[in-house]
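Structure first, commentary second.
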Amino acid sequence: MEAAMPEPADGQALFVEYCAACHGNSAKGDGPLATDLGVVPADLTLIAAHRGGSFPRAEVLSKIDGYTSADLDGPGMPEFGELLKGDELPLDTGDGVLTPTPRKMVALLEYLESIQVAD
Numbered sequence: 003m004e005a006a007m008p009e010p011a012d013g014q015a016l017f018v019e020y021c022a023a024c025h026g027n028s029a030k031g032d033g034p035l036a037t038d039l040g041v042v043p044a045d046l047t048l049i050a051a052h053r054g055g056s057f058p059r060a061e062v063l064s065k066i067d068g069y070t071s072a073d074l075d076g077p078g079m080p081e082f083g084e085l086l087k088g089d090e091l092p093l094d095t096g097d098g099v100l101t102p103t104p105r106k107m108v109a110l111l112e113y114l115e116s117i118q119v120a121d
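Numbering-wise, our numbering comes out as the position in the sequence shown, counting from 1, plus 2.
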């Protein structure tokens, strides 16, 4: 039996737990800790709009797990990689290859993709 993919609502609960303090409940970068960071958190509702309407699944996963944080000046994203381990699901990030990805990361990805708006 194949495992069901997470729904955006599953990811929303994780977003509130792990991300809303900085990015805000609306994901617009206006969380209660945003002013203390020294850098404005990204408006996560505009990820696709800033990339010509395409949601970059692999890039977003890299940001969530902290893999690309070392490239940033300043505080950057916390490393959530260890917090988001667990059972894995096969995920196509857009290249046609199914990659084993932690369920919680897939859930966050599905949620973020669901809240995209036009610029």
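Where is the CB? At the ideal position from N, CA and C, for every residue including glycine.
Within the same chain, Cβ atoms closer than 8 Å to the Cβ of Val42 are found at Gly31 and Ala36, the five residues on either side in sequence being excluded. DSSP places Asp94 within a strand segment (E or B) once states are collapsed to three. For Pro10, the enclosing alpha helix (DSSP H) covers residues Pro10 to Tyr20. In the DSSP assignment, no residue is bridged to Thr47. Taking C-beta atoms as the reference points, Leu46 and Thr103 fail to come closer than 8 Å. Counting the other Cβ atoms within 10 Å of the Cβ of Met7 gives fewer than 16, which makes it exposed. Leu100 counts as exposed, since fewer than 16 other beta carbons sit within 10 angstroms of its beta carbon. Residue Ala23 holds the alpha-carbon nearest to the alpha-carbon of Leu39 among Glu90, Ala23, His52 and Arg53. DSSP places Leu100 within a strand segment (E or B) once states are collapsed to three. Annotation for Lys65: the continuous alpha helix (DSSP H) segment containing it runs Arg59 to Ile66. Assignment of Lys30 by DSSP, reduced to helix, strand and coil, places it in the coil class.
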